[in-house]
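Accompanying notes for the structure given below.
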Amino acid sequence: ARLECVRPLLERRGTPMQRSALYSNLARQLNRSSRFGPSDEALDYARAAVDALPPDAAPEVRGWPQFSLGFNLLMHGDHGEAERELLAALAIAEQTGDLTMQTRCLAYLTIAARRQGHEAGVESYARRCLDLARAARMYDYIGAGQAGLAWVAWQRSLAAAAPADQVAEAERRAQLALESWQQHPAVYPLHWQALWPLIGVALAQDRVAGAIPHARTLCAPEQQVLPAALAEPLAAALAAWDAGRAEEAREKLQIAVDSAQMMKYS
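Read in order, the letters of the sequence shown are residues 74 to 339 in the working numbering.
Below you can see the structure in the form of structure tokens.
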């Protein structure tokens, strides 16, 4: 409501930096209200925030809108372009010495690489993210780094002839991610980064009961909205489990995991 109140004044009379901040905040508000689902409007605002800056804007001013553009491209599903824009934001953050922004960039670069299936990129970004996040005690991004490494281990387990060690590593890293997010003062909305490997591990070990709580968390309203191809079989699995149909629940969960692997969530 406050954004709508001040928007006409800022658009008519505001400085370029004020208009850029306005558009960045409009994008942020839309992301929150849509549970970080794909939004053309939010992406348009993020682009407008960058375009509003004067060409000679200092790196300290340009860093946040540049990061916001990369983040919104990622939420929109444009993973390759998101990676390029986030790398540009990371370069600005390194130039200015902004360790918090570097950590944020690396966390979402990890997701961008993951959604493109780039295992080496995920591992590199995640390890760098984890190092910086630990130094800054940023528990949300400590968890993101651990979740990225959990995904790497899970991918290696799927490709390995003797995957037991990698399965254990995937489960360990994913649990560490959940523990880190529990220490974060706000609810972290991207638990899927750790939960998909955990569901995959549970099903591979025929532990349907162990996968169900993770599925419930994925469907919780405070978590990022999932594509229908993932949300629908998850909801069907939970309904079947609650009705006492364990085998049907397992089948629906397996459909969800198979789709998540194809879409590079799992």
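Each residue gets a CB set at the ideal place from its N, CA and C atoms; glycine is no exception. It should be emphasised that the depicted structure is a prediction, and the values quoted were computed from it without experimental measurement.
Coil, strand or helix - residue i by DSSP
i           : result
residue 279 : coil
residue 204 : helix
residue 110 : coil
residue 260 : coil
residue 124 : helix
residue 92  : helix
residue 129 : coil
residue 48  : The question about residue 48 has no answer, for the chain in this structure spans 74 to 339.
residue 216 : helix
residue 118 : helix
residue 164 : helix
residue 221 : helix
residue 238 : helix
residue 339 : coil
residue 136 : helix
residue 153 : helix
residue 143 : helix
residue 233 : coil
residue 243 : helix
residue 74  : coil
C-alpha distance - residue i paired with residue j, whole-angstrom precision
i           : j           : result
residue 186 : residue 209 : 23 Å
residue 246 : residue 134 : 36 Å
residue 149 : residue 113 : 7 Å
residue 264 : residue 168 : 31 Å
residue 319 : residue 309 : 12 Å
residue 325 : residue 272 : 12 Å
residue 294 : residue 224 : 24 Å
residue 220 : residue 107 : 23 Å
residue 254 : residue 216 : 6 Å
residue 138 : residue 316 : 48 Å
residue 33  : residue 313 : Beyond the ends of the chain as shown, which are 74 and 339, falls residue 33; an answer cannot be given.
residue 140 : residue 205 : 17 Å
residue 244 : residue 274 : 7 Å
residue 178 : residue 301 : 28 Å
residue 55  : residue 82  : Because the chain spans 74 through 339 in this model, residue 55 falls outside it and cannot be assessed.
residue 144 : residue 159 : 7 Å
residue 322 : residue 307 : 9 Å
residue 299 : residue 110 : 8 Å
residue 125 : residue 136 : 13 Å
residue 337 : residue 189 : 7 Å
residue 270 : residue 339 : 6 Å
residue 181 : residue 78  : 32 Å
residue 85  : residue 193 : 47 Å
residue 303 : residue 288 : 10 Å
residue 172 : residue 75  : 31 Å
residue 276 : residue 222 : 20 Å
residue 232 : residue 99  : 43 Å
residue 213 : residue 257 : 6 Å
residue 286 : residue 191 : 29 Å
residue 345 : residue 327 : In this structure the chain extends from 74 to 339, so residue 345 is not present and cannot be described.
**Message:** Would you call the stretch 83-101 in contact with the stretch 276-283, where contact means no fewer than 3 C-beta pairs closer than 8 Å?
**Reply:** As far as the Cβ criterion goes, the stretch 83-101 does not touch the stretch 276-283, which means the pair count is below three.
**Three or more C-beta pairs below 8 Å linking the stretch 148-155 and the stretch 124-135** = No, the stretch 148-155 is not in contact with the stretch 124-135.
**Request:** Scan the stretch 267-330 and note each continuous beta strand (DSSP E) run of 3 residues or more that stays entirely inside, going in chain order.
**Result:** If we require 3 residues or more, the stretch 267-330 turns out to have no beta strand (DSSP E) run fully inside it.
**Asked** At which residue ranges does the stretch 167-198 contain complete beta strand (DSSP E) runs of 3 or more residues, listed in the order of the chain?
**Response** If we require 3 residues or more, the stretch 167-198 turns out to have no beta strand (DSSP E) run fully inside it.
**Asked** Is the stretch 249-266 touching the stretch 231-241, taking contact as three or more C-beta pairs under 8 Å?
**Response** The stretch 249-266 makes no contact with the stretch 231-241; the number of CB pairs closer than 8 Å stays below 3.
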